[in-house]
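Accompanying notes for the structure given below.
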Amino acid sequence: KAGVTQTPRYLIKTRGQQVTLSCSPISGHRSVSWYQQTPGQGLQFLFEYFSETQRNKGNFPGRFSGRQFSNSRSEMNVSTLELGDSALYLCASIWGETQYFGPGTRLLVL
Amino acid sequence: AQSVTQLGSHVSVSEGALVLLRCNYSSSVPPYLFWYVQYPNQGLQLLLKYTSAATLVKGINGFEAEFKKSETSFHLTKPSAHMSDAAEYFCAVSEGYNQGGKLIFGQGTELSVKP
Chain V
21 KAGVTQTPRY LIKTRGQQVT LSCSPISGHR SVSWYQQTPG QGLQFLFEYF
71 SETQRNKGNF PGRFSGRQFS NSRSEMNVST LELGDSALYL CASIWGETQY
121 FGPGTRLLVL
Chain R
6 AQSVTQLGSH VSVSEGALVL LRCNYSSSVP PYLFWYVQYP NQGLQLLLKY
56 TSAATLVKGI NGFEAEFKKS ETSFHLTKPS AHMSDAAEYF CAVSEGYNQG
106 GKLIFGQGTE LSVKP
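Which chain is which? The protein sequence lines are V and R, in order. Per our numbering, the first sequence starts with residue 21, numbered consecutively. Per our numbering, the second sequence starts with residue 6, numbered consecutively.
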């Protein structure tokens, strides 16, 4: 089976812009989670989707949002980007209690 | 609330030496526990997981971990380090899929392997 795909892999934006990141889970997996990884805060949970419904959300401002489509692909959006949003954004494909991570999207906000 | 503590942000061993990376957790319910490895500029790769079956869990690349409920620990070991083991390692805890798929991660331990 193909692994988790995240696009794009690298992204440079400026403050105030918005960005959309995409994640395709492993075939057959219906649940996806998103994490932000920064040197200062480490790995932090953003949200989790199952069958197009957000089931859980981390402690992030409303500028961070996501959605899941009927084919289980997921997108996350960050509006009004801030310098502190520079991070590696990781998507995980969930099967049972196990999460399988993609390669991540590295976002740099200038 | 769940939490994970990884003792030592940086561990250095010689090639061929024992690798021991420490992880302690807190959870109000029987947890699911995981170790992930991250190589530079890559995502997280699952090394092994504890899901309430055997307390000694064997993973990929010769790693294993032992769940000790009395010590709330899930330390990762490998008998003989290889240069290719140099990476960052993360311990994570979950209260289970029905709790909304949220993993709580430790701060990570960077493993260096000296020739």
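All residues carry an ideal CB built from backbone N, CA and C; glycine is no exception. Because the structure is a prediction, the values reported are computed rather than measured.
(request) Identify the contact partners of Tyr37/R in chain V, using a Cβ-Cβ distance below 7 Å as the criterion. (result) Residue numbering aside, residue 37/R sits at position 32 when the second sequence is read from its first letter. Against Tyr37/R, the close residues of chain V are Glu117, in the order they occur along the chain (beta-carbon pairs closer than 7 Å).
(message) Please confirm whether Gly104/V has its beta-carbon closer than 8 Å to some beta-carbon of chain R.
(response) Here residue 104/V corresponds to residue number 84 of the first sequence, with the count starting at 1. No - not a single Cβ of chain R is within 8 Å of the one on Gly104/V.
(message) Could you compute how far the alpha carbon of Thr25/V sits from the alpha carbon of Gly106/R?
(response) Within the first sequence, numbered from 1, the residue matching residue 25/V stands at position 5. Within the second sequence, numbered from 1, the residue matching residue 106/R stands at position 101. Roughly 19 Å between the two C-alpha positions.
(request) Over the uninterrupted beta strand (DSSP E) stretch that includes Phe79/R, give me the two end residues. (result) The residue given as residue 79/R occupies position 74 in the second sequence. Per DSSP, Phe79/R belongs to the beta strand (DSSP E) from Ser78 to Lys83.
(request) Starting from Phe72/R, follow its DSSP beta bridges and name the residues at the other end. (result) In the second sequence, residue 72/R corresponds to position 67, counting from 1. Bridge pairing for Phe72/R: Phe79/R [DSSP].
(request) Kindly provide the ranges of any beta strand (DSSP E) runs that are 3 or more residues long and lie completely inside the region 12-42 of chain R, ordered along the chain. (result) 15-19 and 24-31
(message) Counting C-beta neighbours from all protein chains within 10 Å, is the total for Phe39/R 16 or more, i.e. buried, or is it exposed?
(response) In the second sequence, counting from the first residue as 1, residue 39/R sits at position 34. Buried, because 16 or more other Cβ atoms sit within 10 Å of the Cβ of Phe39/R.
(request) Identify the contact partners of Gly99/R in chain V, using a Cβ-Cβ distance below 7 Å as the criterion. (result) Numbered from its first residue, the second sequence carries residue 99/R at position 94. According to the sequence displayed, residue 99/R carries Ser and not Gly. Near Ser99/R (Cβ distances below 7 Å), the residues of chain V are Glu117.
(request) Put Leu103/V into one of helix, strand or coil per three-state DSSP. (result) As a position in the first sequence, residue 103/V is number 83, starting the count at 1. Reduced to three states, the DSSP call for Leu103/V is helix.
(request) Would you please state the rounded distance, in angstroms, between the beta carbons of Val129/V and Lys33/V? I believe it to be under 8 Å. (result) Counted from its first residue, the first sequence places residue 129/V at position 109. Counted from its first residue, the first sequence places residue 33/V at position 13. Contact holds; Cβ gap of about 5 Å.
(message) Against Leu51/R, what residues of chain V qualify as contacts under a CB-to-CB distance less than 9 Å, listed in chain order?
(response) Numbered from 1 along the second sequence, position 46 holds the residue referred to as residue 51/R. Near Leu51/R (Cβ distances below 9 Å), the residues of chain V are Thr118, Gln119, Tyr120 and Phe121.
(request) Would you mind giving the Cβ-Cβ distance between Phe95/R and Phe110/R, rounded to the nearest angstrom? I have them listed as a contact below 8 Å. (result) Locating residue 95/R in the second sequence gives position 90, counting from the first residue. Locating residue 110/R in the second sequence gives position 105, counting from the first residue. That belief holds up - the Cβ atoms of Phe95/R and Phe110/R are roughly 5 Å apart, short of 8 Å.
(request) Please report how far the alpha carbon of Glu93/R lies from the alpha carbon of Gly104/V, in whole angstroms. (result) In the second sequence, the residue the question calls residue 93/R occupies position 88. In the first sequence, the residue the question calls residue 104/V occupies position 84. Going from the Cα of Glu93/R to the Cα of Gly104/V covers about 22 Å.
(request) Look up Glu5/R in the DSSP assignment and give the residues it is bridged to. (result) Lying before the first or after the last residue shown, residue 5/R is absent from chain R, which here runs from 6 to 120.
(message) To the nearest angstrom, how far is the alpha carbon of Ser99/V from that of Thr60/R?
(response) For the purposes of this step, residue 99/V is taken as the residue at position 79 of the first sequence. For the purposes of this step, residue 60/R is taken as the residue at position 55 of the second sequence. Those two C-alpha atoms are separated by around 44 Å.
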